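Everything on this sheet refers to the single structure shown next.
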Amino acid sequence: MTHAEQPTPIEVHQPIPLSPYAPSTAAPTLPQPGHVPTVASIVLPDGRIVTGYAIDAVRPEPVTAKPAVSRAAANVALGGVGFLAVCGGLLLLTSFIAALTAFVTQLVILAAVVFGGWIAVQVLGTSSHRGGTTVNIRRAVFKRNHFHG
34 MTHAEQPTPI EVHQPIPLSP YAPSTAAPTL PQPGHVPTVA SIVLPDGRIV
84 TGYAIDAVRP EPVTAKPAVS RAAANVALGG VGFLAVCGGL LLLTSFIAAL
134 TAFVTQLVIL AAVVFGGWIA VQVLGTSSHR GGTTVNIRRA VFKRNHFHG
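The working numbering numbers the first residue of the sequence shown as 34 and each following residue consecutively.
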């Protein structure tokens, strides 16, 4: 581009709002029960006047804050904690049952030893006669393989 072909600078004009006024009979009216819309006029840079109803800006609905962790993830985590607690309890329970079994086994062995000892003393102890029947055996004579008593 040469110096002569440079474009002319563009002037930007901002619209100037006018004070609201009552709509004329030619202006369309919007039927809204119990509410009269505001009418606004602005002057464009070329001198034209534009009149219209003010429209409220559409506001997006507020976004509800989502939790950082989903409920499913929290439930899985809590289930894992519960499972670990149950496993620990089961481990303690099995240890307790094993210890109780060993204790009962030792008690049974002790009872067998004590009872067996008492039986042995009764059977093998000194034989003292306390009012039983006394049998005297005389010297027997064997003649020709016959017993003569």
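Virtual Cβ for every residue (Gly too), placed ideally from N, Cα, C. In this text, all values refer to a predicted model and were calculated from it rather than measured experimentally.
Is V76 closer than 8 angstroms to Y86 when the C-beta atoms are compared?
Here residue 86 refers to the residue found at position 53 when the sequence shown is read from its first residue. Here residue 76 refers to the residue found at position 43 when the sequence shown is read from its first residue. Taking 8 angstroms as the Cβ cut-off, Y86 and V76 do not qualify as a contacting pair.
### Message
I'd like the list of long-range same chain contacts for V96, defined as Cβ closer than 7 angstroms, with 5 residues on each side in sequence excluded.
### Response
Translated into the one-based positions of the sequence shown, residue 96 becomes position 63. Hits under 7 angstroms: none found.
Problem set entry | DSSP bridge partner residues for I82 (one or two, in chain order) | Counting from one through the sequence shown, the residue named residue 82 turns up at place 49. Answer is V76, bridged to I82.
Point to revise | Own chain, CB closer than 8 angstroms to G113, minus 5 neighbours either side, in chain order | key: As a first step, residue 113 must be located in the sequence shown, where it is residue number 80. Cβ neighbours of G113 beyond the five flanking positions: none.
Alpha-carbon to alpha-carbon, A145 and L157:
Start at 1 with the first residue of the sequence shown, and residue 157 comes out as number 124. Start at 1 with the first residue of the sequence shown, and residue 145 comes out as number 112. Using only the alpha carbons, I get a separation of about 18 angstroms.
Alpha-carbon spacing of L111 relative to L140, whole angstroms: Sequence index remark: in the sequence shown, residue 111 carries index 78 (1-based). Sequence index remark: in the sequence shown, residue 140 carries index 107 (1-based). C-alpha separation (whole angstroms): 43 angstroms.
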